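The numbers in the working numbering rise by one with no breaks, and the one at position 141 of the sequence shown is 135. Virtual Cβ for every residue (Gly too), placed ideally from N, Cα, C. Here the structure is a predicted model, which means the values were calculated and not measured.
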Amino acid sequence: MKRSLLALALSGAFSAMSWSSTTITDHSVWITTDADAEHLISKHGAKIFPSVINNYRSIVAKLDAKQLASLTSHMHHEKNRCGGYMVHSSLAEAKLKAEMPLARQEFEKPTISHQDIVTPLIAMIEPNHIVDTIEILSNFTNRFYTTSTGIEGSNWLLERWQQEIEGVDYASARQITHQDYPQKSVEVTLVGKTHPEQIVVIGGHLDSTVGSLTTEGTIAPGADDDASGIATVTETLRLMIASGVQPDKTIKFYGYAAEEVGLRGSQDIANTLKNNGEQVISVLQLDMTNHQGSAHDITFLTDYTDSNLTEFLTELLDEYASEISYDFDQCGYACSDHASWHSADFSAAMPAESLFADTNSNLHSEADTLENSDPTALHASKFVKLAIAYLVETSLESSSTVIELEAGEAVENLESYYGEEQFFTFESQSEGKVTIEVSGPRNGDADLYVKYEDSVSSTNFDCRPFLNGSNEVCVLDKPAGIFNIMLKGYRNFDQTKILVDFEAAERTEYEGDFELDMDFGNKNPDGQAKVKLSWNYDTEDYFIIKRNGTNVGATELDSYVDEFEFDETIDVEYQVCTSSGICSEKRDYHFTKPLIKA
């Protein structure tokens, strides 16, 4: 028989009593933080090493470990940051972590294809379960990483998660011991069925603080920061088990210890997995999910995250919870545990409950209670929708059949219903022009989407003609690679075919100071044309785009989409020049295949 949640909370107290007088080991630690926090850490006696790295964003310093809690408080009040620094065991590690990039773009987005699993699970979300978990965690006096109640909180979470996985033979739970402090992290593992070596991660931090004065007896409920994140992870774990589906890839759920004092628990875990050569595919961090501080619902952080993973998460919302609004922001150096994974070279993302400027004003205080966020947990439920979609779509193999296309060989008699998606792929062996044509009766409507070297979806594409009926064409001029193609029924369609034509490029050594690529082009029957250009040339100048020798645009980026009206066959010449007169090669663009007007 499963014990009640209250019984679990009480049982942890006895195992923690022996730790009641335990304090962190007195020693100095290495930290990294933003360069703009140098004056702040100096006030805490930090010895700063400004010449250690050549990086304007980060600095390395040495600090007495006893100053960490007060530094956290100071960071919160002066910089409005949660944490804002990372703790390291050596100078070498600190130097390495200080050099981490601001962003990555390495996550390989899978095809969204598990609507039959995700949609029913979203309907099973129980906000009351989230409320229960937040209430129990926030009823601990505090969950600080050195206190007896901080230890009890970890013990309770272990038993709570053990309840959820009881009787599941591919699931296990454990605590992870860390050096120098008694609080343990908690881990649940769902072993993958076909690719157990590939790991998908989700987590939040289990500790709480009110800053430098957090000791035995200090009230630090931490309902939003971060009992709400742990409750969101817990509900997502319940749903994943309730699905009855063993993931193809391994999933790890984490409750991290000691986040509030330098992301220490998550760093131990991320660094261990990296040092062991583990294949971590992606990481989702849930830190504060139950206080809607901004007009929109979810804010995706763009610093110290993987932009591809963040984009994939927005696509999941568009697909499964389009009623949830979102925006983007930055939170600064090491503001939560996603930075630990990012610094270990893994793809991580963090959806937050508000913009940085709208952060919950009650965090790190006695007022961080459930009543002062969302007592119904409806806001946190939005994050559960995202989290369960993330776990299903990243841990299960794509269920969509992908048809491989050959140049000049049509696939005919395609049919589909409204909203149904069909996937194709074409691989070119050399640079050239790829023409993808869909044709069918006018009473149907098959929408064409094409994406080069990335997964294709209704929100991720290079070419989308936006025409009525089932007669659409995409033309892309690209290097050798894979073209992912999707047909989606805007209306039911049948008797439709898809044909790919490939024309190899006949290019000699380019004449110009740099190469110019033509990524794609399309034209609709009303004469609206669109051509995308890209190039790779480093300069502090801006770029001028010339069409047939005439300036048609300017940009500071390394790509440009030219939109214009052209009633006849398109036959234009492009060149891109810097403002100082350095010019690319000239490229001709021809669009000779007529379109059928629907």
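Euclidean distance between Cα positions of residue i and residue j
| i | j | result |
| --- | --- | --- |
| leucine 493 | glutamate 158 | 50 Å |
| glycine 144 | valine 204 | 13 Å |
| aspartate 456 | aspartate 448 | 10 Å |
| asparagine 49 | tyrosine 298 | Here asparagine 49 scores only 48 on pLDDT, less than 50, and its place in the model should not be relied on; the value that follows carries that caveat. About 15 Å. |
| glutamine 522 | asparagine 366 | 53 Å |
| methionine 69 | serine 206 | 11 Å |
| threonine 16 | tyrosine 139 | Because the pLDDT of threonine 16 is 34, which lies under 50, any placement of that residue in the model is unreliable, and the question is left without a value. |
| threonine 283 | glycine 434 | 47 Å |
| glutamate 391 | serine 260 | 27 Å |
| glutamate 100 | threonine 453 | 19 Å |
| alanine 214 | threonine 66 | 14 Å |
| glycine 95 | glutamate 253 | The residue asked about is misnamed: residue 95 is proline in this sequence, not glycine. Approximately 21 Å between the Cα atoms of the pair. |
| glycine 249 | alanine 333 | 15 Å |
| lysine 268 | serine 422 | 35 Å |
| aspartate 565 | isoleucine 116 | 50 Å |
| glycine 611 | methionine 234 | What is shown of the chain runs -5 to 592, which leaves residue 611 out entirely. |
| lysine 41 | threonine 141 | 28 Å |
| isoleucine 47 | lysine 37 | Confidence is the limiting factor: at isoleucine 47 the pLDDT is only 46, short of 50, which leaves the residue's position unreliable, though a coordinate-based value still follows. Looking at the two C-alpha atoms, the distance is approximately 22 Å. |
| aspartate 58 | isoleucine 35 | 11 Å |
| glycine 186 | proline 241 | 5 Å |
| aspartate 513 | valine 432 | 20 Å |
| aspartate 507 | isoleucine 576 | 6 Å |
| threonine 208 | serine 389 | 39 Å |
| aspartate 321 | valine 525 | 28 Å |
| aspartate 201 | aspartate 352 | 22 Å |
| serine 573 | phenylalanine 558 | 23 Å |
| lysine 482 | threonine 549 | 33 Å |
| aspartate 582 | phenylalanine 537 | 19 Å |
| arginine 98 | glutamine 324 | 14 Å |
| leucine 357 | asparagine 136 | 13 Å |
| leucine 257 | lysine 89 | 16 Å |
Whole-number beta carbon distance between residue j and residue i, since they are thought to touch under 8 Å
| i | j | result |
| --- | --- | --- |
| tryptophan 335 | alanine 264 | 5 Å |
| valine 469 | asparagine 516 | 6 Å |
| threonine 266 | threonine 183 | Actually they are not in contact, since the Cβ atoms of threonine 266 and threonine 183 sit about 14 Å apart, beyond 8 Å. |
| lysine 91 | serine 337 | 5 Å |
| valine 450 | isoleucine 430 | Not confirmed; about 11 Å, so no contact. |
| arginine 402 | aspartate 495 | The identity of residue 402 in the sequence shown is glycine, whereas the question assumes arginine. Glycine 402 to aspartate 495, Cβ: 7 Å. Contact. |
| isoleucine 111 | serine 237 | 6 Å |
| glutamate 579 | leucine 510 | 5 Å |
Terminal residues of the beta strand (DSSP E) in which residue i lies
| i | result |
| --- | --- |
| lysine 491 | 487 to 498 |
| glutamine 279 | 273 to 279 |
| glutamine 261 | Segment 258 to 269 is the alpha helix (DSSP H) holding glutamine 261; no beta strand (DSSP E) there. |
| glutamate 567 | 564 to 572 |
| glutamine 522 | 522 to 529 |
| methionine 80 | 79 to 82 |
| threonine 244 | 243 to 250 |
| phenylalanine 508 | Premise fails: phenylalanine 508 is in no beta strand (DSSP E) and is neither H nor E. |
| alanine 548 | 544 to 549 |
| glycine 27 | Inspection of the sequence shows that residue 27 is occupied by threonine rather than by glycine. Here the beta strand (DSSP E) through threonine 27 covers 22 to 28. |
| isoleucine 42 | 41 to 43 |
Boundaries of the alpha helix (DSSP H) in which residue i is found, first to last residue
| i | result |
| --- | --- |
| asparagine 302 | 301 to 314 |
| lysine 580 | No alpha helix (DSSP H) contains lysine 580, which DSSP labels as neither H nor E. |
| isoleucine 53 | First-last for isoleucine 53: 52 to 58, but that is the beta strand (DSSP E), not the alpha helix (DSSP H). |
| methionine 234 | 222 to 236 |
| phenylalanine 657 | Nothing in the structure corresponds to residue 657, since the chain is present only between -5 and 592. |
| alanine 333 | 332 to 337 |
| serine 288 | Looking at the DSSP string, serine 288 is not in any alpha helix (DSSP H), and its letter there is neither H nor E. |
| isoleucine 35 | 32 to 36 |
7 Å Cβ cutoff, residue i in contact with chain D
| i | result |
| --- | --- |
| isoleucine 159 | Of the protein chains in the structure, only one exists, and it is not chain D. |
Closer than 6 Å: residue i CB and nearest the ligand MN heavy atom
| i | result |
| --- | --- |
| aspartate 448 | With respect to the ligand MN, the structure offers nothing, as it holds no ligand at all. |
Would you call the region 222 to 229 and the region 186 to 202 touching, i.e. three or more CB-CB distances under 8 Å? They touch, by the three-pair rule.
For the structure I just gave you, are there three or more beta carbon pairs, one from the region 213 to 223 and one from the region 124 to 137, closer than 8 Å? yes
What are the start and end residues of each continuous alpha helix (DSSP H) run of 4 or more residues lying completely inside the region 119 to 171, in chain order? Whole alpha helix (DSSP H) segments, 4+ residues: 121 to 133, 142 to 158.
Does the region 264 to 283 touch the region 146 to 156, meaning 3 or more C-beta pairs lie closer than 8 Å? no
Three or more C-beta pairs under 8 Å: does that hold for the region 355 to 373 against the region 294 to 312? no
Do the region 434 to 443 and the region 456 to 466 make contact, defined as three or more Cβ pairs closer than 8 Å? The region 434 to 443, when compared against the region 456 to 466, does touch it at the 8 Å Cβ threshold.
Does the region 77 to 85 touch the region 317 to 337, meaning 3 or more C-beta pairs lie closer than 8 Å? yes
Quick check: the region 529 to 542 against the region 551 to 571, are there 3 or more CB pairs under 8 Å? yes
Secondary structure, alpha helix (DSSP H): runs of 4+ residues fully inside the region 87 to 123: 109 to 117
Can you list, in chain order, the stretches of the beta strand (DSSP E) that have 3 or more residues and sit fully within the region 405 to 444? 405 to 410, 415 to 422, 426 to 433
Below 8 Å, can you find three or more Cβ-Cβ pairs linking the region 398 to 418 to the region 476 to 492? yes
Answer yes if the region 51 to 65 comes into contact with the region 21 to 28, meaning at least three C-beta pairs across the two stretches below 8 Å, and no otherwise. yes
Which ranges would you report for the beta strand (DSSP E) in the region 168 to 192 if only whole runs of at least 3 residues count? You should have 179 to 184.
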